[in-house]
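Here our numbering is used: the sequence shown runs in plain steps of one and ends on residue 352. Each residue gets a CB set at the ideal place from its N, CA and C atoms; glycine is no exception. None of the values given here were measured: they were computed from a predicted structure. In what follows, a single structure is set out as structure tokens and then discussed.
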Amino acid sequence: MAQVSHITVCGHFADGQKLADGQTVKTQTIVAALKDTYGVDKVSICDTYRWSRNPLRMLFRCIQAARSSSDVIILPAKKGVLIFIPLFYFLKKRYEIRLHYSVIGGWLFERLSNNRSLLRYLQAFTTIQVETQLMKIELEKLQINRVFVVPNFKTIDAITEKECRERTFTRPLPLCTFSRVMSEKGIEDAIEVVSRINSRSNKPHYTLDIYGSIDENYKGKFKKAMVNAPPEISYKGVVESSKSVEVLKNYYLLLFPTHFMTEGLPGTIIDGYAAGLPVLSARWNSFSEVIKEGKTGYGIELGNNRQFYKLLIDLEDSRFVLPLKKNCLEAFVPYSYSQGCQRLRVCIETEK
Numbered sequence: 001m002a003q004v005s006h007i008t009v010c011g012h013f014a015d016g017q018k019l020a021d022g023q024t025v026k027t028q029t030i031v032a033a034l035k036d037t038y039g040v041d042k043v044s045i046c047d048t049y050r051w052s053r054n055p056l057r058m059l060f061r062c063i064q065a066a067r068s069s070s071d072v073i074i075l076p077a078k079k080g081v082l083i084f085i086p087l088f089y090f091l092k093k094r095y096e097i098r099l100h101y102s103v104i105g106g107w108l109f110e111r112l113s114n115n116r117s118l119l120r121y122l123q124a125f126t127t128i129q130v131e132t133q134l135m136k137i138e139l140e141k142l143q144i145n146r147v148f149v150v151p152n153f154k155t156i157d158a159i160t161e162k163e164c165r166e167r168t169f170t171r172p173l174p175l176c177t178f179s180r181v182m183s184e185k186g187i188e189d190a191i192e193v194v195s196r197i198n199s200r201s202n203k204p205h206y207t208l209d210i211y212g213s214i215d216e217n218y219k220g221k222f223k224k225a226m227v228n229a230p231p232e233i234s235y236k237g238v239v240e241s242s243k244s245v246e247v248l249k250n251y252y253l254l255l256f257p258t259h260f261m262t263e264g265l266p267g268t269i270i271d272g273y274a275a276g277l278p279v280l281s282a283r284w285n286s287f288s289e290v291i292k293e294g295k296t297g298y299g300i301e302l303g304n305n306r307q308f309y310k311l312l313i314d315l316e317d318s319r320f321v322l323p324l325k326k327n328c329l330e331a332f333v334p335y336s337y338s339q340g341c342q343r344l345r346v347c348i349e350t351e352k
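Encoded structure:
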């Protein structure tokens with residue numbers, strides 16, 4: 001196993017900001033795991049939040065990270081890969097660091113298929129850490145050989161089986177979404193389908209609470225959607241990642257009608273599992289790795305609101321939902337903090 005003397009994590013920390021998006025939470029969780037594994041003094045951060053406002057300062061920070069570390073882990077977002085992957089490729093050669101890329105989401109294969117230079121850079125990385133087995137298979141097709149599956153994991157504790165068993169629900173049944181609030185996450189689909197179901201009778205069948213940070217470009221459209229929504233649909237703001245289970249355990253079902261085929265392993269589903277919360281989700285390309293149909297949730301075609309509507313009507317029958325809650329607690333175990341720390345350590349310490 002390789003010796004680790006100092007690790008720097010270069011990613012979106014947004015220090016001082018109240019952000020709970022998947023990228024920020026994953027970056028912060030990895031740092032927490034590394035500090036618990038190697039000690040606080042052996043771990044540093046390099047925050048890429050709004051780096052484009054001062055690219056020279058960001059460059060200096062990246063150079064400092066490479067000079068002072070045995071290992072650097074980068075977590076660039078979709079736009080950042082074109083900057084940070086080439087930059088750290090050259091810093092790796094200059095300072096002989098061990099370089100790791102922790103991939104956020106499941107879109108990397110598509111990007112690399114259309115960018116041979118980026119592919120060449122990544123082939124020189126020490127490890128590529130992906131969220132699902134499908135992503136590993138895809139990257140290995142591109143002759144990237146040091147690919148490790150390190151699923152998302154969380155610094156949260158699951159509710160007990162007793163809590164799960166004792167949870168009861170009455171109509172209207174409480175539903176929620178727990179992701180970034182943007183069109184591509186299917187937020188309007190959820191609003192439309194729940195509204196249609198509730199309009200079938202004088203009393204609402206469901207309530208819908210929407211959680212998450214609102215995408216800047218979506219604020220106007222979301223405001224309009226909420227103005228037109230019935231009173232049983234509400235926006236509840238942003239929940240701190242440490243309090244996700246406490247909030248989610250009170251819901252009947254989690255809705256995840258994403259339009260992204262390349263979701264990877266959504267953190268919202270891990271939060272849901274820890275809370276014993278089954279998922280009604282669109283079937284993205286790694287769906288079957290994360291959600292077991294009829295065991296921990298149910299799937300629909302991406303963007304198919306007819307299926308969404310019909311399935312949500314069927315799921316009013318609690319026999320299709322309540323027995324799944326115990327399964328969700330069991331499904332959380334591979335995404336627990338202890339297992340995540342262990343997988344991450346094995347990956348970091350792998351020999352070149």
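Asked: Straight-line Cα distance separating Tyr273 from Ala66; Found: 37 Å
Asked: Bounding residues of the beta strand (DSSP E) (the contiguous stretch that carries Lys236); Found: Ile233 to Gly237
Asked: Start-end ranges of the beta strand (DSSP E) lying completely within the stretch 13-63, minimum 3 residues; Found: 43-47
Asked: Burial state of Gln28 (16 or more Cβ within 10 Å); Found: buried
Asked: With 16 other Cβ atoms within 10 Å as the buried cut-off, status of Glu131; Found: buried
Asked: Residue(s) in a DSSP beta bridge with Arg98; Found: Asp71
Asked: Inter-stretch contact at 8 Å, needing at least 3 Cβ pairs: the stretch 251-270 / the stretch 279-287; Found: yes
Asked: Inter-stretch contact (C-beta, 8 Å, three-pair minimum) for the stretch 287-298 and the stretch 157-164; Found: no
Asked: Distance between Leu59 and Tyr95 (C-alpha atoms, nearest Å); Found: 15 Å
Asked: Anticipated Cβ contact below 8 Å, Cys164 with Gly276, distance rounded; Found: 4 Å
Asked: Collapsed DSSP secondary structure at Phe109 in the structure displayed; Found: helix
Asked: Beta-carbon proximity list for Trp51, same chain, < 7 Å, skipping 5 on both sides; Found: Met58
Asked: Contact check, Phe222 vs Val181, beta carbons under 8 Å; Found: yes
Asked: Residue span of the beta strand (DSSP E) that contains Phe148, given as start and end; Found: Val147 to Val149
Asked: Sheet register partners of Tyr206 (DSSP bridge); Found: Leu173
Asked: For Gly11, the first and last residue of its enclosing beta strand (DSSP E); Found: Ile7 to Gly11
Asked: Bridge-paired residues (DSSP) for Ile85; Found: Answer is none; Ile85 lacks a bridge partner.
Asked: Distance between beta carbons of Gly80 and Thr48, contact taken as under 8 Å; Found: 6 Å
Asked: Close Cβ partners of Asp209 (< 6 Å) along its chain, the five nearest in sequence each way excluded; Found: Cys176, Ser234 and Lys236
Asked: Extent of the continuous beta strand (DSSP E) to which Ile255 belongs; Found: Sequence check: residue 255 is Leu here, not Ile. Leu253 to Phe256 is the extent of the beta strand (DSSP E) around Leu255.
Asked: Rounded distance between the beta-carbons of Phe308 and Asp189, thought under 8 Å; Found: 6 Å
Asked: Span separating the alpha-carbon of Pro230 from that of Ala32; Found: 41 Å
Asked: DSSP state of Thr268 mapped onto helix, strand, coil; Found: helix
Asked: Of the residues Leu112, Gly39, Pro334 and Ile97, the one placed nearest Ile73, counting alpha carbons only; Found: Ile97
Asked: Which listed residue (Phe153, Leu75, Asn202 and Gln339) has its alpha carbon closest to that of Leu265; Found: Phe153
Asked: beta-carbon Ser286 near the ligand GDP non-hydrogen atom, thresh 7 Å; Found: The ligand GDP is absent from the structure shown, which contains no ligand whatsoever.
Asked: Contact check, Ile45 vs Val9, beta carbons under 8 Å; Found: yes
Asked: Candidates Tyr38, Thr24, Leu108 and Ser5: closest to Asp341 by CA position; Found: The sequence shown places Cys at residue 341, not Asp. Checked all of Tyr38, Thr24, Leu108 and Ser5; the closest Cα to Cys341 is Tyr38.
Asked: Beta-bridge partners of Ser281, as assigned by DSSP; Found: Phe256 and Gly299
Asked: Residue closest to Tyr242, alpha-carbon to alpha-carbon, out of Ser5, Lys26 and Val150; Found: Checking the sequence, you will find Ser at residue 242 rather than Tyr. Looking at the Cα atoms, Lys26 is the closest of the given residues.
Asked: Residues of its chain near Tyr115, where Cβ-Cβ distance is below 7 Å and the 5 sequence neighbours each way are ignored; Found: The sequence shown places Asn at residue 115, rather than the Tyr named in the question. Within the same chain, Asn115 has no close Cβ partners at all.
Asked: Rounded separation between Tyr121 and Glu110 - CA only; Found: 16 Å
Asked: Burial state of Ala331, where buried means 16 or more other Cβ atoms lie within 10 Å; Found: buried
Asked: Gln342 - DSSP class collapsed to helix/strand/coil; Found: helix
Asked: Cβ neighbours of Thr268 in the same chain (closer than 6 Å, five flanking residues each side left out); Found: Phe178 and Ser179
Asked: Endpoints, alpha helix (DSSP H) assigned at Gln307; Found: Asn305 to Asp314
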